[in-house]
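Heads up: the structure comes next, in structure tokens.
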């Protein structure tokens, strides 16, 4: 195979004047150092965690297309409050894409790098919305025999996050988990993990069809947040499971607070005596996504031992240590096409990712909708 | 001194029908066991933490007075959402009053109890809105010579809470504290503690007069949340102090979220490079009061390592252990009329506490307004 001297890469630029510009840049295919491999990227997902960097706080209702079909350009206005938050990236043309998989087409001189030449690997390291991406061997994992790049594109963000929820539960000595946006790719992985590991899991969905998907893969506690009996259903499920730990992907609006209220109510109903200070049960909800960018609401009624926190995978992995990390990664490889199978709405090229209609579609972050970029397409 | 057989006590009853009833009950003065003392209560403050139990979630705009001047009765409607939260106390006539001080008029047979006979003591144990209150010797502290019951009425809730903030900062290895409602009795204690201990403290007030009070007792970082430059002033103060720990008495509304945003902004401004995942600085705000009962708002912009939690003194004291507790208590006694001096708006009798206008006044929980009940009056 002949390797070109340059490849295309998606870039996101926010200017000091408050403009977002998305474009394709032509960049040199790098020469690997001894421990590096160059991957021809074949599959890289658009996760909610990528969109923050990609759209840079812009108001996408102002987005306009220009350029050519092969070299599309998108521009949009970045409102002043977002612009302030972007101060540190102004004027820098930034590559995007947390994770992805592809074929190793060049390898450094070390045995570890050479062993991967011609193999399909999956990697985490940013800049994956590129035709060619160089990574250190420590940042990649070889895919199992027969696995495609599409199978291995989403090996890190969702699988490790789902596994980290169960690890967090064990570290904190809690009895179960409640999860929102439960019909997402990540949510479905979590259902399978918890079923296999015997971990009580309460799944919160927003539609009957989502409940049906989860039932189909063996979920037992499913609560619909749009039901008029939502709070009662949730309290009942929390009493049955003993879950005092929640992971919320929605972020904004009332849901995270409702989880805390329902956990407190479930604990209070088990009390014999009234206490003005609530149940005393320590509860924890982590916000790991912000599908809703409005403020999170925490009303009274949550007791006094509640905790609401931000959650990111990377600090968790650092805290968990090398043994836990290795165990988690091995499980992802072992169960790549079962537990950790991802479902994609469409497979698009780099140029198609900068098509205005397509961009609006994936930026809507609807549960059950996920786009996969194939830069080799 | 002759001790009557009975004494008056404030009672709060919430009925299943959704009525709050406040009244004075006549209860027997108890006979002390070996390790008990009976206190003739002379001073017991109305803290925000007492009001939750006293008003029982009632809508006090519906409050009506009945009964006599000596035996007043207040009734009010409890709206359905509050009533649900009160399920465990329905139909129980509950005594009120966390802390207070008075004269030991009866003592049990043990040497520890006998040693307190005729002494003024301060106690924590509930039911202090009573003419006579029996407590175990372990629940009381003898006041220093010359101290009045008024001096010693508020030895526990505010002083120990203020001290616990500094202890929490040390336990979490943080560099400073930010405090809201900073001109309160508790806030003024905190200013004095932090000044003596060299702890950087950012004080958030809502009025110029409150800022002046704090300046007068030596506060250096004072920020007015009603100023148009509030967020910038706060970020500057947080950058100067390095405070990543907040204690918020307001609870509802935007303030707690603003603290988290300002902490994240202060940490971000010290960063060399943009990260879509924020500064990585772990931040913590504790809500220890709910002067505002509307939902707490946490918008985006807080980074990903933020924590917002409920805070109560009692679990802190349990976690801190006996040595820390003893040290904290000793400091309160040593600095009773200096660091821990409380200021009261008015001293009222038990019956006056159930006067409708007076009740509205103290239930407003305005910063700088605090009522003291003298049941011996």
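Residue numbers (our numbering), protein chains in the order written: chain A, 828 to 1204; chain B, 828 to 1204.
Beta carbons are placed, not taken as given, at the ideal position from N, Cα and C, and that holds for glycine.
Check your understanding: Using a beta-carbon distance below 7 Å, is residue 1136 of chain A in contact with chain B?
Key -> Output row for residue 1136 of chain A: interface = yes.
Check your understanding: At a Cβ threshold of 7 Å, is residue 1123 of chain A touching chain B?
Key -> At least one chain B Cβ lies under 7 Å of residue 1123 of chain A.
Point to revise | chain A contacts made by the region 1072-1085 of chain B, where a contact means CB separation under 9 Å | key: Shown in chain order are the members of the region 1072-1085 of chain B whose Cβ falls below 9 Å from a Cβ of chain A: 1078, 1079, 1081, 1083 and 1084.
Check your understanding: Apart from the five residues just before and just after residue 1037 of chain A, which ones in its own chain have a Cβ nearer than 6 Å to its Cβ?
Key -> A distance below 6 Å between beta-carbons, with the five flanking residues on each side excluded, links residue 1037 of chain A to the following residues of its chain, in chain order: 1010.
**Study point:** Below-7 Å beta-carbon distance, residue 880 of chain B vs any chain A residue
**Key:** Contact with chain A is found for residue 880 of chain B, since one of that chain's Cβ atoms lies less than 7 Å from the residue's Cβ.
Practice item. Check whether the region 1123-1141 of chain A touches the region 1078-1086 of chain A, taking contact to mean three or more Cβ pairs, one atom from each stretch, closer than 8 Å. Key: Per the Cβ contact rule, the region 1123-1141 of chain A is in contact with the region 1078-1086 of chain A (3 or more Cβ pairs under 8 Å).
Exercise for review: Using the Cα positions of residue 934 of chain B and residue 829 of chain B, report the straight-line distance between them to the nearest angstrom.
Suggested key: Approximately 14 Å, taken between the alpha carbons.
**Study point:** Neighbour-count burial assignment, residue 831 of chain B, 16 or more Cβ in a 10 Å radius
**Key:** Counting Cβ neighbours within 10 Å, residue 831 of chain B comes out exposed, since fewer than 16 surround it.
Point to revise | Cut-off 6 Å between Cβ atoms - residues of its own chain near residue 1277 of chain A, not counting five sequence neighbours on either side | key: Chain A is shown from 828 up to 1204; residue 1277 of chain A falls before or after that span and cannot be answered.
Point to revise | Strand pairing of residue 892 of chain A, partner residues [DSSP] | key: Bridge partners of residue 892 of chain A: A:901.
Exercise for review: Starting from the beta carbon of residue 1095 of chain A, find every residue of chain B whose beta carbon is closer than 9 Å, and list them in chain order.
Suggested key: For a Cβ distance threshold of 9 Å, residue set 912, 914 and 915 of chain B lies close to residue 1095 of chain A, ordered along the chain.
Review point. Contact check, residue 1044 of chain A vs residue 1007 of chain A under 8 Å by CB: the rounded distance?
Key: Actually they are not in contact, since the Cβ atoms of residue 1044 of chain A and residue 1007 of chain A sit about 17 Å apart, beyond 8 Å.
Review point. Quick one, which residues of the region 986-1001 of chain A are near chain B if we go by CB-CB under 8 Å, in chain order?
Key: Listed in sequence order: no entries.
Review point. So, do the region 856-876 of chain B and the region 888-902 of chain B have three or more beta carbon pairs nearer to each other than 8 Å?
Key: Counting C-beta pairs closer than 8 Å gives fewer than three between the region 856-876 of chain B and the region 888-902 of chain B, which falls short of the contact rule.
Review point. Over what stretch of residues does the alpha helix (DSSP H) that includes residue 1084 of chain A continue unbroken?
Key: Per DSSP, residue 1084 of chain A belongs to the alpha helix (DSSP H) from 1082-1096.
Practice item. Report buried or exposed for residue 1178 of chain A, applying the criterion of at least 16 other Cβ atoms within 10 angstroms of its Cβ. Key: When all chains shown are included, residue 1178 of chain A counts as buried.
**Study point:** Short Cβ contact (7 Å threshold) for residue 964 of chain A with residue 944 of chain A
**Key:** No.
**Study point:** Cβ-based burial, residue 888 of chain A [other Cβ within 10 Å; buried from 16]
**Key:** Exposed, because fewer than 16 other Cβ atoms sit within 10 Å of the Cβ of residue 888 of chain A.
Review point. Taking C-alpha atoms, which residue in A:1078, A:961 and A:1018 lies nearest to residue 836 of chain A?
Key: The alpha carbon of residue 836 of chain A has as its nearest neighbour, out of A:1078, A:961 and A:1018, the alpha carbon of A:961.
Check your understanding: In terms of alpha-carbon separation, which member of A:1079, A:849, A:1141 and A:1146 lies closest to residue 1119 of chain A?
Key -> When A:1079, A:849, A:1141 and A:1146 are compared, the shortest CA-CA separation from residue 1119 of chain A is found for A:1079.
Review point. Given a threshold of 16 other Cβ atoms within 10 Å of its Cβ, counted over all protein chains shown, does residue 839 of chain A qualify as buried or as exposed?
Key: By the neighbour-count definition (other C-beta atoms within 10 Å, threshold 16), residue 839 of chain A is a buried residue.
**Study point:** At least three beta-carbon pairs within less than 8 Å, the region 1148-1165 of chain B to the region 974-986 of chain B
**Key:** Verdict: yes, contact present.
Check your understanding: By a C-beta neighbour count over all protein chains shown, 10 Å radius and 16 as the cutoff for buried, is residue 1148 of chain A buried or exposed?
Key -> Around the Cβ of residue 1148 of chain A, a 10 Å sphere holds fewer than 16 other Cβ atoms; the residue is exposed.
**Study point:** Endpoints, the beta strand (DSSP E) within which residue 834 of chain B is located
**Key:** For residue 834 of chain B, the enclosing beta strand (DSSP E) stretches over residues 833-841.
Exercise for review: For residue 1001 of chain B, collect the residues of the same chain with a Cβ closer than 6 Å to its Cβ; drop the 5 residues on either side in sequence, then sort them by chain order.
Suggested key: So the qualifying residues of the chain are 1071 and 1072.
Review point. In three-state terms, what does DSSP make of residue 999 of chain A?
Key: Coil, per DSSP.
Review point. In this structure, what does DSSP give as the bridge partners for residue 961 of chain B?
Key: The bridge partners DSSP lists for residue 961 of chain B are B:865.
Review point. Would residue 1116 of chain A be called buried (16 or more neighbouring beta carbons within 10 Å of its own) or exposed?
Key: Label assigned to residue 1116 of chain A: buried.
Check your understanding: Under 7 Å between C-beta atoms, does residue 979 of chain B make it to chain A?
Key -> False, the Cβ-Cβ gap to chain A never drops below 7 Å.
Practice item. Hey, could you find the ends of the beta strand (DSSP E) residue 1114 of chain A is sitting in? Key: Under the DSSP assignment, residue 1114 of chain A falls in the beta strand (DSSP E) whose first and last residues are 1110-1114.
Review point. What alpha helix (DSSP H) runs, 4 residues minimum, are completely inside the region 1017-1046 of chain A?
Key: Segments of the alpha helix (DSSP H) lying fully in the region 1017-1046 of chain A: 1035-1043.
**Study point:** Min CB distance residue 1139 of chain A to chain B below 7 Å
**Key:** Answer yes: the Cβ-Cβ gap between residue 1139 of chain A and chain B drops below 7 Å somewhere.
Review point. CA-CA distance, residue 1026 of chain B and residue 1155 of chain B?
Key: Residue 1026 of chain B and residue 1155 of chain B have their C-alpha atoms roughly 16 Å apart.
Review point. Excluding five sequence neighbours on each side, which residues of the same chain lie with their C-beta closer than 7 Å to the C-beta of residue 951 of chain B?
Key: Closer than 7 Å at the Cβ level, and outside the excluded window around residue 951 of chain B, lie 925, 926, 966 and 983.
Review point. Is the beta carbon of residue 1159 of chain A sitting closer than 7 Å to the one on residue 986 of chain A?
Key: Contact: yes.
Practice item. List the endpoints of the continuous beta strand (DSSP E) containing residue 927 of chain B. Key: Counting along the chain, the unbroken beta strand (DSSP E) around residue 927 of chain B starts and ends at 926-934.
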